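Number of protein chains: 2
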Amino acid sequence: MFKDGLKDAAARVDAGFAEVFARYPDLPVIQGMAYATNGGKRLRAYLVMESARIHGIENALMPALAIEAIHAYSLVHDDLPSMDDDDLRRGLPTVHKKWDEGTAVLVGDALQTLGFELVLSPECHADPAVRSDLALTLARAAGAQGMVLGQALDIAAETADQPLTLDEIIALQNGKTGALIRWSAEAGARLAQADTAPLTAYADALGLAFQIADDILDVTGDEAAMGKAVGKDADRGKATFVSLLGLDGAKSRAENLVEQACEALSPYGNKAQGLIDAARFVIARQT
Amino acid sequence: MFKDGLKDAAARVDAGFAEVFARYPDLPVIQGMAYATNGGKRLRAYLVMESARIHGIENALMPALAIEAIHAYSLVHDDLPSMDDDDLRRGLPTVHKKWDEGTAVLVGDALQTLGFELVLSPECHADPAVRSDLALTLARAAGAQGMVLGQALDIAAETADQPLTLDEIIALQNGKTGALIRWSAEAGARLAQADTAPLTAYADALGLAFQIADDILDVTGDEAAMGKAVGKDADRGKATFVSLLGLDGAKSRAENLVEQACEALSPYGNKAQGLIDAARFVIARQT
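Chains as they are written, first to last, in the numbering used here: chain A, -5 to 281; chain B, -5 to 281.
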């Protein structure tokens, strides 16, 4: 049931991106943008669409595409040789491997811009106040007080004398993955100009559970199924939730967070079933 | 007189950026953002401020900072080894030379985000419809139908069998530098919700004149005064306005364009003096 919902969101996102890129000239940078936004779990798009549905909004395609574009930009740049230096992403060569580094820099740049263009387009919402609110919060989530801050803390950790503490890892992940997940979950309330607080509480717990699950998968996951390298963190002696809490400790922390996330949704009653399913999926997933 | 105006714009931009970066934590990526936005002619900020002044708007600091942040992002990424591979910018080591490539990628990414954050901040304009209009047009100017398209055409030209024709170079530059200059010049009309047409015509001529002047300076300019490498285009056998029109032909084309730009401003009468001065400066500059 949840998997159908995720599949449905993914199909709508794929069709949306196809329509967007068809408007552009056929250049390597555009091909790279289409390639980089293809595939993926579409969890962020799903969160946008489900939080919108709770508020009675059926069409949230533009903000869903926007967050997937921003997410894809961050992956393309993360994978660069000067960053994480990854050759594989979603089982396929990374953009700089398939094309070249210059193209990958430009593809990421253009995907970030596209994210803002989509969320600001009149198709996103009839009220420009809603569009500017969505775009401003997206900029804050993506920028130097959100995702980029998490990235910067991650880079700083690589050269630090000591491994990070639990609080430091939480702060890092809160920026690196938490900020975009929070924006996605809040988007529905923003579209409806409703209170975001329950969704913020949901997303804060979910984002952390998501990252703990990622660290667990980096230890227990199957490289072929995940379509990317695993075990890299342990190889580098990097502190992770697993190294700090142990495998069982990390698992039970993630489970508690998922319960917390679900409780935060109680104001929405059974309209929140899709978001509850998403939270349960986050720790059950194998990829 | 014009130089005073430009200096005044530059001082306001410097003070504005200092205030913005003081809010952020002291990490290399933030230092790099401050470093990359320091210096420069501030021509784009000046165009924003002067086009606003024509419409009776005295405070256009936020959109001026926004366009300078976007411009700085494009320079940081352009200078990367995988792009133009430049060691010097404004007489100082480029960001990837002073820090490292990963930091430079992140600095450019964060500066792009900052550009949108600034233009969308309530301080920019009280009306969210104006802010979302400014941000959407900025995204279009910066993205894969504007600046990134110009970049992509530039990369494609490097590996093309034949040098570009004049029309192709005009299309390339229209994206690469023209789009941000156009947005800057139009910003004042957008802030005032007034007709942008005269400013668009001004900016289209000015942007092209600016790029022709750049090509002329790449041949006649002094490396020490310019603070960056010169003669690179000729060394690479790249088609430029000078290689296609000859030095005298390029100069007279630029002069004609500047006259065209000034004529487009006639609806504004003598309120447009600042923009007229800017157009004359563009072909008189030595750096």
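Built from N, CA and C at the ideal position, the CB exists for glycine as well. Note that this is a predicted model, so its numbers are computed, not measured.
query                                                                                                                                                                                           : result
Mind listing the chain A neighbours of Gly137/B? Cutoff is C-beta to C-beta under 7 Å, in chain order.                                                                                          : Ala104, Thr107, Leu108 and Glu111
Where does Leu112/B fall in DSSP's three states?                                                                                                                                                : helix
Please identify, using Cβ separations under 7 Å, the residues of the segment 63 to 86 of chain A that lie next to chain B, in order along the chain.                                            : His71, Leu74, Ser76 and Met77
Where in the segment 17 to 82 of chain A do unbroken runs of the alpha helix (DSSP H), each at least 4 residues long, occur, reported from the N-terminal end onward?                           : 22 to 30, 37 to 48 and 55 to 72
At a CB-CB cut-off below 7 Å, which residues of chain A make contact with Ile24/B?                                                                                                              : Ala138
With a 10 Å radius around its C-beta and 16 neighbouring C-beta atoms as the bar for buried, classify Met(-5)/B as buried or exposed.                                                           : exposed
Would a check of beta-carbon distances place Ala129/B closer than 7 Å to chain A?                                                                                                               : yes
Please report how far the alpha carbon of Glu117/A lies from the alpha carbon of Pro57/A, in whole angstroms.                                                                                   : 10 Å
What does DSSP give as the partner residues of Leu86/A in its beta bridges?                                                                                                                     : Arg83/A
Any chance you could list the alpha helix (DSSP H) runs of at least 4 consecutive residues sitting entirely within the segment 108 to 174 of chain A, in chain order?                           : 122 to 136, 141 to 152 and 160 to 167
By alpha-carbon positions, which one of Gln267/A, Asn264/A, Lys245/A and Leu200/A ends up nearest to Val252/A?                                                                                  : Leu200/A
Any C-beta of chain A sitting closer than 7 Å to the C-beta of Gly96/B?                                                                                                                         : yes
Residues of chain A with a CB under 7 Å from the CB of Pro122/B: which are they?                                                                                                                : Pro122, Ala123 and Ser126
Note down the Cα distance separating Gly85/A from Gly33/A, rounded to an integer number of angstroms.                                                                                           : 10 Å
DSSP three-state call for Trp93/A: helix, strand or coil?                                                                                                                                       : coil
Tyr18/A versus chain B: which residues are under 9 Å apart at the beta carbon?                                                                                                                  : Ala138, Gln139 and Leu143
Would you check if the distance between the CB atom of Val42/B and the CB atom of Ser178/B is smaller than 7 Å?                                                                                 : yes
Let me see if you follow: with CB-CB separation under 7 Å, is Leu100/A close to chain B or not?                                                                                                 : yes
Identify each residue in the segment 26 to 38 of chain B for which the Cβ-Cβ distance to at least one residue of chain A is less than 9 Å, and report them in chain order.                      : Met27
So, do the segment 13 to 31 of chain A and the segment 57 to 75 of chain A have three or more beta carbon pairs nearer to each other than 8 Å?                                                  : yes
Identify the contact partners of Arg134/A in chain B, using a Cβ-Cβ distance below 7 Å as the criterion.                                                                                        : Glu111
Short of 8 Å Cβ to Cβ, which residues in the segment 142 to 170 of chain A face chain B?                                                                                                        : Val142, Leu143, Gln145, Ala146, Leu147, Ile149 and Ala150
When we look at the beta-carbon of Glu95/B and count the other beta-carbons within 10 Å, is it buried (16 or more) or exposed?                                                                  : buried
Would you list, in chain order, the members of the segment 202 to 218 of chain A that have their beta-carbon closer than 8 Å to a beta-carbon of chain C?                                       : Going by chain labels, chain C is absent from the structure shown, which instead holds the protein chains A and B.
Quick one: residues in its chain with C-beta nearer than 8 Å to the C-beta of Thr190/B, no 5 flanking neighbours on either side, listed in chain order?                                         : Glu180, Ala183 and Arg184
Using a Cβ-Cβ distance under 7 Å, would Leu114/B count as near chain A?                                                                                                                         : yes
What residue from Ala197/B, Ala195/B and Ala146/B has the CA that sits closest to Asp78/B's CA?                                                                                                 : Ala146/B
Are Val101/A and Val113/A close, meaning C-beta to C-beta below 7 Å?                                                                                                                            : no
In this structure, how does DSSP classify Thr214/A when only helix, strand and coil are distinguished?                                                                                          : helix
How would you list, in chain order, the residues of chain A whose beta-carbon sits under 9 Å from the beta-carbon of Leu21/B?                                                                   : Ala138, Leu143, Ala146, Leu147, Ile149 and Ala150
Alpha carbon to alpha carbon, how far is Ala173/A from Gly140/A?                                                                                                                                : 6 Å
Report yes if the CB atom of Ala244/B is closer than 7 Å to the CB atom of Ile206/B, and no otherwise.                                                                                          : yes
Starting from the C-beta of Tyr18/B, find all residues in its chain whose C-beta is less than 6 Å away, skip the five residues before and the five after it, and write them out in chain order. : Ile24
Determine whether the beta carbon atoms of Val44/A and Gly268/A lie at a separation below 7 Å.                                                                                                  : The sequence shown places Glu at residue 44/A, not Val. Closer than 7 Å, so yes.
Quick one: what does DSSP say Gln187/B is sitting in, helix, strand or coil?                                                                                                                    : coil
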